[in-house]
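Taking the UniProt record's numbering, the leading residue of the sequence shown gets 2, the next gets one more, and so forth. For glycine and all other residues, C-beta sits at the position ideal for the given N, C-alpha and C. Below is one structure, written out as structure tokens; comments come after it.
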Amino acid sequence: ARIVHVAAAQMGPIAKSETRKDTVARLVALMREAKSRGADLVVFTELALTTFFPRWMIEDEAELDAYYEREMPGPETQPLFDTAKALGIGFYLGYAELVVEAGRKRRFNTAILVDRSGAILGKYRKVHLPGHAEPQPGRTHQHLEKRYFEPGDLGFPVWRGFGGVMGMCICNDRRWPETYRVMGLQGVEMVMLGYNTPYDHTGHRDIDSLTQFHNHLSMQAGAYQNSTWVIGTAKCGVEEGSNMVGQSAIIAPSGEIVAQSVSLEDEIINFRCDLDLGKRYRETIFNFAKHREPEAYRLIVER
Ligand code: CDT
2 ARIVHVAAAQ MGPIAKSETR KDTVARLVAL MREAKSRGAD LVVFTELALT
52 TFFPRWMIED EAELDAYYER EMPGPETQPL FDTAKALGIG FYLGYAELVV
102 EAGRKRRFNT AILVDRSGAI LGKYRKVHLP GHAEPQPGRT HQHLEKRYFE
152 PGDLGFPVWR GFGGVMGMCI CNDRRWPETY RVMGLQGVEM VMLGYNTPYD
202 HTGHRDIDSL TQFHNHLSMQ AGAYQNSTWV IGTAKCGVEE GSNMVGQSAI
252 IAPSGEIVAQ SVSLEDEIIN FRCDLDLGKR YRETIFNFAK HREPEAYRLI
302 VER
């Protein structure tokens, strides 16, 4: 067995008025709780440092910029790295990233993986951006990720760490089979992701009741079809009037949920994940080298 003891650190709502310092203190408390349960790695959510700001049309550039990190770690996020190092626990963290390249501001929805010594092992930028670039009439909450972020330009790499092969994606990425498959082809053994999923996101009331089902369906299918653990961490509850899905889950390579949150608040769930469990699928039904037929898949990579 190759055990990675992992925790998903679900968060309840982050108010618009909450400071970075307050939010980081919540994350540090969750990290300590994860460590007290024996975890080696804690998975925080998407955009874990602020309220989910893409729900608003923000015209003032300084106001928008304030939601982004220009350095990681920066003065306000340093306590996360210091605590991780002191406790010997790794973490996945989602945040809004602002970089200036050739005098141009570039914005990404980003996640990093930090090892147990507090060093950044890898960075991922969200590829599948949902929502719109322009505000939609008649909506109480916008979803302007296409306005506030560029599609990620780093692909879906994997990293050796925590005794295995680790991968990352973010929220809407989890609904796309290509996300998992690109990492699966690189032998991924654990995919970490955070999500902010408002209930009313399709605008179709009749399918709204399936929101929770589709959340788990996507992650369970991704896990099974690629012989990998999937750790999905929500930011949930009613945040600034927007109702968001919880049900954070730790999913085995069988596709089974082995741990699930029960609240819509800050909550740790944890599980001792055996990375070797993926082998029984990877070496049989999903032996890619033996059974894949890439010639039949060409359409997949065409526009
Ligand atoms: N954050 C994020 O990607 N949320 C989407 C729902 C919004 S779609 C307009 C998701 O896939 O959960």
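Here DSSP, grouped into helix, strand and coil, assigns Glu179 to helix. Per DSSP, reduced to three states, the secondary structure at Cys274 is strand.
Looking at the DSSP output, Ala250 bridges to Gly233 and Gln261. Take Asp267, set aside five residues on each side of it, and the residues of its chain with a beta-carbon closer than 8 Å to its own are Ala10, Gln11, Met12, Gly13, Arg27, Ala30 and Leu31, in chain order. Tyr125 is bridged by DSSP to Ala112. A distance below 6 Å between beta-carbons, with the five flanking residues on each side excluded, links Gln187 to the following residues of its chain, in chain order: Val159. Judged by their CB atoms, Trp177 and His129 are nearer to each other than the 8 Å cut-off. For Gly165, the CB contacts under 8 Å within the same chain, skipping 5 residues up- and downstream, are Arg3, Val5, Glu190, Met191 and Leu276 in chain order. When DSSP states are grouped into helix, strand and coil, Gln11 belongs to the strand group. Screening all residues for a C-beta within a distance smaller than 5 Å of any heavy atom in the ligand CDT leaves Pro131, Gly132, His144, Cys172, Asn173, Asn197, Thr198 and His202, in chain order.
Closest by C-alpha distance to Gly185, out of Arg293, Glu146 and Asn216, is Arg293.
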